[in-house]
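Residues in the first sequence are numbered from 14 upward in steps of one, following this note's numbering. Just so you know, even glycine gets a beta-carbon here, dropped at the ideal spot from N, CA and C. Report on the structure given below.
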Amino acid sequence: MNKSLRHTLTKKERLHRKKLIDKVFAQGESFHLYPFKVAWIKADFNTGYNAQFGISVSKKIFKKAVDRNLLKRRSREAYRLNKHILYNELNLQNKKIAFMLIYISKEILPFEVIESKIILILRRLSKLDEKST
RNA sequence: GAUGCAGACCGUUCUAUCGCUGUGCAUUUUUAAUGCAAAGAGGAAAGUCCGGGCAACAAAGAGCACCAUACUUCUUAACCGGAAGAUAUUCGAAAGAAUAUAGUAAUGUAAUAGAAAAUAACCGUCCCGUUCAAACGGGAUAAGGGUGGAAAGGUGGGGUAAGAGCCUACCAGUAUUGCAAGUGAUUGUAAUAGCUGUACAUCUUAUGGGUUGAAAGACCAUGUAUACCAACAUUUAAGAAUUGCUCGUUCGUUGUUGGGGGGUAGGUCGCUUGAGUCUUUUGGCAACAAAAGACCUAGAUAAAUGAUAGAACUUCUUUUUAUAAGUUGACAGAACCCGGCUUACAGGUCUGCUUCCUUU
RNA sequence: GACCCCGUAGUUUAAUGGAUAAAAUUCCGGAUUCCGGUUCCGGGGCUGUGGGUUCGAUUCCCGCCGGGGUCG
Numbered sequence: 014m015n016k017s018l019r020h021t022l023t024k025k026e027r028l029h030r031k032k033l034i035d036k037v038f039a040q041g042e043s044f045h046l047y048p049f050k051v052a053w054i055k056a057d058f059n060t061g062y063n064a065q066f067g068i069s070v071s072k073k074i075f076k077k078a079v080d081r082n083l084l085k086r087r088s089r090e091a092y093r094l095n096k097h098i099l100y101n102e103l104n105l106q107n108k109k110i111a112f113m114l115i116y117i118s119k120e121i122l123p124f125e126v127i128e129s130k131i132i133l134i135l136r137r138l139s140k141l142d143e144k145s146t
């Protein structure tokens, strides 16, 4: 069974190193796609996966920890179910990227909306990667 | 049955599929992956307002200062917490609720208004003198007087030039003493003292307080600025540190030798068995305590505890009058751990009591 | 996570527990000017919020709300 077709999401696939996160924000490129801002960078790491991702929700916009958790969980779930779009492209190109999603909307959007936007973002990410190479 | 008051408790559930976190077991290509198993947010996890545990700092010492607390008895590891009471005031028809309460030896303040805000004479009343009188001057007097949050205990009688606790009867309060009740705050009662405004602050007394907080701290790997320590030689003195001050104590400038390890980015421990949870019994009005038995029940780190579908429960709406359709799911998310307090909260359950109505 | 500070006109700051809360500046209206500027006059406030102490609170005390900062 192909690893990339399973809907898993382990620690290896998430951004969890502070240094790499700082690098994404400091040196990476970014674009907006409502309700997210996406910052990404080509990176070199040895985890067996072609992408690492993280989600950020601002404390200034959402004061309550419950709201922030809800949005992060919805976003992560949407990524988990659709990440094969990105993985297939990256496998073909043999590239590795790290990226952060920053939630910039001021409303709590339902899961269906977030999922459709995440799919758009993943398609655009793979295309952008083509252009830059 | 309705109504309110007080207290205690619960605060969505189940199934399927796909996932996340650490743990145990098994397998493999043994650094890692896969499979299986049993677990995985709260009553407030929140605010960080108190109190502790735990850790580091031994020049963390003594005195003063400073801060906190302040009716009584109990409770506790501890507390600005809790329980049961005391006194006063306010709210309520009641059940009940809220707030305040160490001491008075001393000192200060009370704007405006008002004669006066505390060893009170502006008007008034009374007496005396000057004087025809009006008026003026000297005294006595707290019974009356626009105020004010607060006005010198209240009423009757005596007394007096006029008055006054000046004297007396009754009443209200205060203080002291005796007796009775209570562990005590205090209460009741009797006697004595003419002792009698209120609030706040300073002050006094008693008790407690070393400082910093898990980003504490320990270890591993990497690694090498010259932080720090010791010895010896040199220098003698200003100064620096320790808690705000004083005392006390310690350090001191440069060089050599030896020890030692800064910054950066990581990992492991700290980390979850604890003043633990549940049940029963006993003691106590209660907070709570004791005994016996059973149990192990989150441990993440850009940070897990989720998503989708269906069913039940619940909220609201419509149709209808017991069904159908749609809709809603309170406040809110562990970050070292406990005990409280405070604040937020859809809806529901139980217990005790108040008042009203009905039936017997 | 632990700790600290602040909140007064649109803005920046004042005000010892005591009269209708002060000043500068901005804004609005008016005067002056042919018009604008300058100048002059006038207007504009729930002292963040809810309680408490007090005769009286911007000030003192307590609880909330909002904003900001320090510590790797």
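Query                                                                                                                                                                 : Result
Here's the rule I'm using: 16 or more other beta-carbon atoms within 10 Å means buried, otherwise exposed. How should Ser-71 be labelled?                             : exposed
In whole angstroms, give me the CA-to-CA distance for Met-113 and Ile-131.                                                                                            : 12 Å
How many whole angstroms separate the CB atoms of Lys-55 and Lys-108, which I take to be in contact at a CB cut-off of 8 Å?                                           : 7 Å
May I ask you to report which of helix, strand or coil DSSP gives Ser-43?                                                                                             : strand
Which residues in the same chain as Trp-53 place their Cβ atom closer than 6 Å to its Cβ, once the five residues preceding and following it in sequence are excluded? : Gly-41, Ile-110, Phe-112
When you compare the segment 98 to 106 with the segment 42 to 51, are there three or more beta-carbon pairs, one atom per stretch, that lie closer than 8 Å?          : no
Of the choices Tyr-92, Ile-115, Thr-21, whose alpha-carbon is the least far from that of Arg-136?                                                                     : Tyr-92
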